[in-house]
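So the sequence lines, in the order shown, correspond to chains A and B.
Each residue of the first sequence is one higher than the last, beginning at 1 in this note's numbering.
Each residue of the second sequence is one higher than the last, beginning at 324 in this note's numbering.
Glycine residues also receive a C-beta, built at the ideal position from the N, C-alpha and C atoms.
Report on the following structure.
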Amino acid sequence: MWKVISGIFLGWSLGANDSANIFGTGVTTGIVKYRTAILLTAIFVLIGSIIEGPKCMRIVSDLSRLVPIEAFLCALAAAITMTILTYFAIPASTSQAIIGAIIGAGILSGSADFSKLIKIVACWILTPIGGMIFGYLLYHSLKFIFDKTIPSLTYRNTIYGVGIIVAGCYGAYSLGANNVANVTGIYVGSGLLSCQMAAFIGGLSIASGTLTYGKKVMITVGKGIAPLDPFTALVTILAEALTLHLFTQIGVPVSSSQAIVGAVVGVGIVGGLRTINPKMLVKIAVGWLITPFAAGLMTILFIYLTHFAEGLKTILFIYFPPA
Amino acid sequence: MFLEKVFSKGKKENNVIGDIKKQINLLCTACGFFKSALETDNPSLMRQVMDIERAGDTIRRDIISRIYEGAFLPYLRPDLCKFVEIVDSIFDLLEDTGYRYLDLKLPEQLRGECIQVAFLNRRICEMLLITFESMLKGEDLREKILAIRIYEKKIDDIKFELIRDARKIEITNFWEGEILSQFLSCLTSISDVIEDASDHLQVIHVSMK
Numbered sequence: 001m002w003k004v005i006s007g008i009f010l011g012w013s014l015g016a017n018d019s020a021n022i023f024g025t026g027v028t029t030g031i032v033k034y035r036t037a038i039l040l041t042a043i044f045v046l047i048g049s050i051i052e053g054p055k056c057m058r059i060v061s062d063l064s065r066l067v068p069i070e071a072f073l074c075a076l077a078a079a080i081t082m083t084i085l086t087y088f089a090i091p092a093s094t095s096q097a098i099i100g101a102i103i104g105a106g107i108l109s110g111s112a113d114f115s116k117l118i119k120i121v122a123c124w125i126l127t128p129i130g131g132m133i134f135g136y137l138l139y140h141s142l143k144f145i146f147d148k149t150i151p152s153l154t155y156r157n158t159i160y161g162v163g164i165i166v167a168g169c170y171g172a173y174s175l176g177a178n179n180v181a182n183v184t185g186i187y188v189g190s191g192l193l194s195c196q197m198a199a200f201i202g203g204l205s206i207a208s209g210t211l212t213y214g215k216k217v218m219i220t221v222g223k224g225i226a227p228l229d230p231f232t233a234l235v236t237i238l239a240e241a242l243t244l245h246l247f248t249q250i251g252v253p254v255s256s257s258q259a260i261v262g263a264v265v266g267v268g269i270v271g272g273l274r275t276i277n278p279k280m281l282v283k284i285a286v287g288w289l290i291t292p293f294a295a296g297l298m299t300i301l302f303i304y305l306t307h308f309a310e311g312l313k314t315i316l317f318i319y320f321p322p323a
Numbered sequence: 324m325f326l327e328k329v330f331s332k333g334k335k336e337n338n339v340i341g342d343i344k345k346q347i348n349l350l351c352t353a354c355g356f357f358k359s360a361l362e363t364d365n366p367s368l369m370r371q372v373m374d375i376e377r378a379g380d381t382i383r384r385d386i387i388s389r390i391y392e393g394a395f396l397p398y399l400r401p402d403l404c405k406f407v408e409i410v411d412s413i414f415d416l417l418e419d420t421g422y423r424y425l426d427l428k429l430p431e432q433l434r435g436e437c438i439q440v441a442f443l444n445r446r447i448c449e450m451l452l453i454t455f456e457s458m459l460k461g462e463d464l465r466e467k468i469l470a471i472r473i474y475e476k477k478i479d480d481i482k483f484e485l486i487r488d489a490r491k492i493e494i495t496n497f498w499e500g501e502i503l504s505q506f507l508s509c510l511t512s513i514s515d516v517i518e519d520a521s522d523h524l525q526v527i528h529v530s531m532k
């Protein structure tokens with residue numbers, strides 16, 4: 001059971017990092033207090049993990065046939081990759097890190113299912129596009145509805161405030177439902193945990209990351225986010241949540257960071273392409289490419305090291321048998 | 324906080340809006356008193372303008388503290404406060420103009436044009452109130468702001484005539500001329516600040532769309 005620890009660590013890091021994607025804009029616009037944002041994210045992540053989390057478990061567990069120790073090493077490699085990339089401020093995705101790690105382990109054991117990988121990669125490409133489409137459509141449709149039905153400044157003020165909080169809760173729910181498979185899905189395939197137990201443990205670990213370190217990340221990230229107007233913040237969070245929820249129904253864990261970047265670009269398109277920084281998009285794209293490869297290579301390295309250690313143990317056993 | 328916001332149905336916001344309306348209404352009253360004081364050359368009426376300015380100050384303080392106690396989204400607060408400050412600076416300008424009037428003997432050949440400017444200032448204030456109410460309802464502000472600009476342009480035209488007429492007046496004492504010049508300058512710049520306030524309403528309107 002100790003092998004689940006690396007998954008819990010990965011979940012903790014996911015919770016600490018990705019909670020900023022949910023309420024970051026709400027907090028920077030001053031609509032939600034940090035404490036409220038953290039608490040709501042933790043609660044709804046856990047609810048989402050328990051209710052819909054198992055939907056994405058199958059694809060992660062079927063990607064490669066792994067033994068429990070390999071599952072442990074995959075989650076460890078993914079967590080270390082995420083930590084290193086975050087340290088160098090390279091945008092990274094937990095989904096890509098864990099899938100890269102599983103494929104790395106699968107290549108070594110010869111059990112990697114590349115047909116499923118194609119489906120996952122297609123979803124990775126479609127995630128920012130989905131976020132962009134949802135962002136663009138929601139911006140136009142909500143603007144039309146609000147302009148027609150809520151002209152009053154006071155009501156609009158209330159709607160934006162309440163809307164951002166509700167959309168944030170939905171975003172946290174979707175994050176839990178979609179991303180819990182990244183954290184503990186690998187243990188379902190290796191037979192360590194059942195789907196429901198994996199969803200519960202994964203949800204708890206993400207929630208603990210949000211509660212213990214989410215505030216610090218949110219403050220750091222929040223300072224770097226250009227303050228959006230309340231309507232754009234609402235559209236962005238809602239588009240991200242819808243994108244994550246859509247991919248949960250398809251059964252593929254995707255990146256919440258990619259979804260929100262896509263949503264911001266979608267809203268940016270409405271304001272003209274000049275609002276989008278191409279250099280930043282290139283940096284994000286580079287991070288997305290590096291993450292799975294780095295995690296995959298690290299997993300291969302870890303497995304070799306484990307095999308080497310086991311070999312050494314056997315040699316020692318042969319030449320120096322216990323008395 | 325969240326539930327309080329939902330169930331209060333914008334009580335805090337409505338209080339702030341009520342106070343801002345009160346502030347603009349008071350500004351209209353002050354402009355009315357100013358015009359009447361000029362028409363009747365009544366110093367006690369002019370002193371009423373200073374009293375109204377003090378009442379305006381109290382309302383401004385109430386509004387700003389209410390805003391920062393949690394009325395409206397933080398995104399909107401700085402713009403609303405700025406609007407309230409601009410309206411308050413109109414009170415200040417009106418008070419300064421009143422003090423200068425009390426310090427000088429306004430030449431009769433300038434009085435008619437000054438009354439005309441004071442009358443237009445009152446009209447612009449009323450227009451500002453209409454614009455504010457339209458903004459609350461989410462209506463288009465372009466026509467109202469255009470009307471304010473037209474009034475402001477009229478005052479600018481009168482200002483040049485006033486300066487031309489003022490040059491014809493014989494000045495025997497430096498301070499007499501200085502105060503007259505300051506009075507005319509203050510009187511004709513009130514409309515500029517009201518125009519700034521209306522432009523700021525447009526900013527608030529657009530930022531919530």
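Handout entry: Cβ neighbour criterion (16 or more within 10 Å) applied to valine 252(A)
Key = Buried: at least 16 other Cβ atoms inside 10 Å.
Handout entry: Per-residue contacts from serine 514(B) into chain A (C-beta, under 8 Å)
Key = Residues of chain A passing the Cβ test: none, with the nearest at roughly 25 Å.
Handout entry: alanine 97(A) classed as buried or exposed, judged by whether at least 16 other C-beta atoms fall within 10 angstroms
Key = Taking every protein chain shown into account, the CB of alanine 97(A) has 16 or more other CB atoms within 10 angstroms, so this residue is buried.
Problem - Local conformation of valine 265(A) per DSSP, three classes - result: Helix at valine 265(A).
Exercise for the section: Pull up the distance between the alpha-carbon of lysine 313(A) and that of glycine 176(A), whole angstroms please. Expected result: If I take the Cα positions, the gap works out to 41 Å.
Handout entry: Rounded Cβ spacing between glycine 53(A) and glycine 202(A) (contact assumed at less than 8 Å)
Key = Right, their Cβ atoms sit about 7 Å apart.
Exercise for the section: Measure from the C-beta of methionine 450(B) to each C-beta in chain A and report whether the shortest distance is under 8 Å. Expected result: So no, methionine 450(B) is outside the interface.
Handout entry: Residues of its chain near threonine 352(B), where Cβ-Cβ distance is below 8 Å and the 5 sequence neighbours each way are ignored
Key = Around threonine 352(B): Ile375.
Practice task
Assuming leucine 350(B) contacts phenylalanine 414(B) (C-beta within less than 8 Å), just tell me the rounded distance between them.
Solution key: Indeed they touch by this definition, with Cβ atoms about 6 Å apart.
Problem - Cβ-Cβ distance between isoleucine 343(B) and asparagine 444(B) below 8 Å - result: Taking 8 Å as the Cβ cut-off, isoleucine 343(B) and asparagine 444(B) do not qualify as a contacting pair.
Handout entry: Pairwise C-alpha distance: threonine 232(A) and serine 49(A)
Key = Going from the Cα of serine 49(A) to the Cα of threonine 232(A) covers about 27 Å.
Practice task
Could you tell me whether the region 438–452 of chain B touches the region 473–491 of chain B, using the rule of 3 or more Cβ pairs below 8 Å?
Solution key: The region 438–452 of chain B is in contact with the region 473–491 of chain B.
Problem - Stretch pair the region 445–465 of chain B + the region 132–140 of chain A: three plus CB contacts closer than 8 Å - result: Between the region 445–465 of chain B and the region 132–140 of chain A there are fewer than three C-beta pairs closer than 8 Å, too few to call the two in contact.
Handout entry: Test item: CB-CB of leucine 524(B) and threonine 420(B) under 8 Å
Key = In this structure, the beta-carbon distance from leucine 524(B) to threonine 420(B) does not fall below 8 Å.
Problem - isoleucine 118(A) versus methionine 218(A) - alpha carbon distance - result: For isoleucine 118(A) and methionine 218(A), the distance between alpha carbons rounds to 33 Å.
Exercise for the section: Check the Cβ-Cβ distances between proline 401(B) and every residue of chain A, and say whether any is below 8 Å. Expected result: The C-beta of proline 401(B) comes no closer than 8 Å to any C-beta of chain A.
Problem - is_contact[serine 141(A), chain B] using C-beta, thresh 8 Å - result: No, serine 141(A) lies away from the interface with chain B (no Cβ there is under 8 Å from its Cβ).
Handout entry: Nonlocal neighbours in the same chain, by C-beta distance under 7 Å from methionine 458(B), ignoring five residues either side
Key = Closer than 7 Å at Cβ, skipping near neighbours: Leu464, Leu524, Ile527 and His528.
Exercise for the section: Identify whether isoleucine 513(B) lies in helix, strand or coil by the three-state DSSP scheme. Expected result: It is helical.
Problem - Neighbour-count burial assignment, threonine 154(A), 16 or more Cβ in a 10 Å radius - result: Result: buried.
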